[in-house]
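Since the structure comes first, as structure tokens, the remarks are kept for the end.
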Amino acid sequence: MTGDAFGARGELRPGVLGIAGSPRRGGNSDHLLDAILGGVRTVVGEVEAVRLRDYRFESCTGCERCRVDRACTGLRDGMTLLYPSIVASRGLVLVTPVHNYNVSALAKAFIDRCYCFYDFEDPRPGPWSSRLAGQERKAVVAAVAEQPGEEGMGVTLEAMRLPLEALGYEVIDALAVPGMFDRGVVRRHPEVIDRVREAGRLLGTSLLPATGDPR
Ligand SMILES: Cc1cc2nc3c(=O)[nH]c(=O)nc-3n(C[C@H](O)[C@H](O)[C@H](O)COP(=O)(O)O)c2cc1C
11 MTGDAFGARG ELRPGVLGIA GSPRRGGNSD HLLDAILGGV RTVVGEVEAV
61 RLRDYRFESC TGCERCRVDR ACTGLRDGMT LLYPSIVASR GLVLVTPVHN
111 YNVSALAKAF IDRCYCFYDF EDPRPGPWSS RLAGQERKAV VAAVAEQPGE
161 EGMGVTLEAM RLPLEALGYE VIDALAVPGM FDRGVVRRHP EVIDRVREAG
211 RLLGTSLLPA TGDPR
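So the sequence shown is numbered by my numbering: it starts at 11 and just counts up by one.
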């Protein structure tokens, strides 16, 4: 990936960008993200944690200026700050609470704002490709819900997996964490914390070359 109109900081790094999409401060998504990134950190040093609620940004307006500019130039907001980290990090963790059988509005807005990474051929509708593809990017997605069964999660995991795969990530794990309602209650479930921490460790390991040296 070259440093282009995204304002990329340079070369692609093995680092991991972690995104939590809950509007609830100190909620279960926050703790799950911390646990997953804790696992990543046992293997990869460069880790960045982002709570989307701390950033002011709009959903994609569909202005299509990114088709010409190859960057989101139609909106200048919190996503402008996050694009360089997305581009530069080979690993991505995306955690969301289940809101009405789907990802949170914050997580959906984040995903939609990644539309600027696509190249579309004329005329439209027509073929497309992602400028994040072909770079051995890997992702883990996780969803936390109140209802005890995975059916209460609806389409949430797929709503993250499909767009991340389209962008060029290999989604190596999709973690379902049902049965959690109270703020931060997931911390009282060490079996869950251990499971997601291990998923983070495996993500970190998958980003390293066979020698174990960071690329
Ligand atoms: C607007 C809203 C919609 C929700 N929809 C669902 C749902 O469809 N299924 C479910 O199991 N839980 C649902 N929940 C419960 C949350 O997913 C659950 O409390 C979760 O632990 C919240 O995570 P957080 O603390 O990271 O925000 C909903 C909560 C809110 C606020």
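Even for Gly, the Cβ is constructed at its ideal location relative to N, Cα and C.
Beta-carbon proximity check, residue i vs residue j, cutoff 8 Å
i: residue 213; j: residue 148; result: yes
i: residue 82; j: residue 123; result: yes
i: residue 95; j: residue 31; result: no
i: residue 50; j: residue 104; result: no
i: residue 27; j: residue 206; result: no
i: residue 164; j: residue 108; result: yes
i: residue 210; j: residue 46; result: yes
i: residue 181; j: residue 39; result: no
i: residue 24; j: residue 142; result: no
i: residue 186; j: residue 140; result: no
i: residue 73; j: residue 88; result: no
i: residue 112; j: residue 59; result: no
i: residue 136; j: residue 178; result: no
Assigned exposure category for residue i - 16 Cβ within 10 Å defines buried
i: residue 76; result: buried
i: residue 16; result: Note that residue 16 scores 33 on pLDDT, short of 50, meaning its location in the model is unreliable and no value can be drawn from it.
i: residue 110; result: exposed
i: residue 172; result: exposed
i: residue 52; result: exposed
i: residue 117; result: buried
i: residue 220; result: exposed
i: residue 29; result: buried
i: residue 37; result: buried
i: residue 13; result: Because residue 13 carries a pLDDT of 33, less than 50, the predicted location of this residue cannot be relied on, and no value is offered for it.
i: residue 78; result: exposed
i: residue 183; result: buried
Cβ-heavy atom distance, residue i to ligand 2, below 7 Å
i: residue 192; result: As far as ligands go, the structure on display features ligand 1 and does not contain ligand 2.
Validate contact between the region 118 to 130 and the region 187 to 194 using beta carbons, cut 8 Å, 3 pairs: no
List in chain order the residues whose CB is within less than 5 Å of at least one heavy atom of ligand 1. 32, 34, 37, 38, 39, 107, 108, 109, 110, 111, 154, 155, 156, 157, 162, 190 and 191
Which full runs of the beta strand (DSSP E) of 3+ residues lie inside the region 37 to 88, going along the chain? 57 to 61
Can we say the region 98 to 108 touches the region 68 to 81, given the rule of at least three CB pairs closer than 8 Å? no
Runs of beta strand (DSSP E) lying entirely within the region 168 to 208, each at least 3 residues, in chain order: 179 to 187
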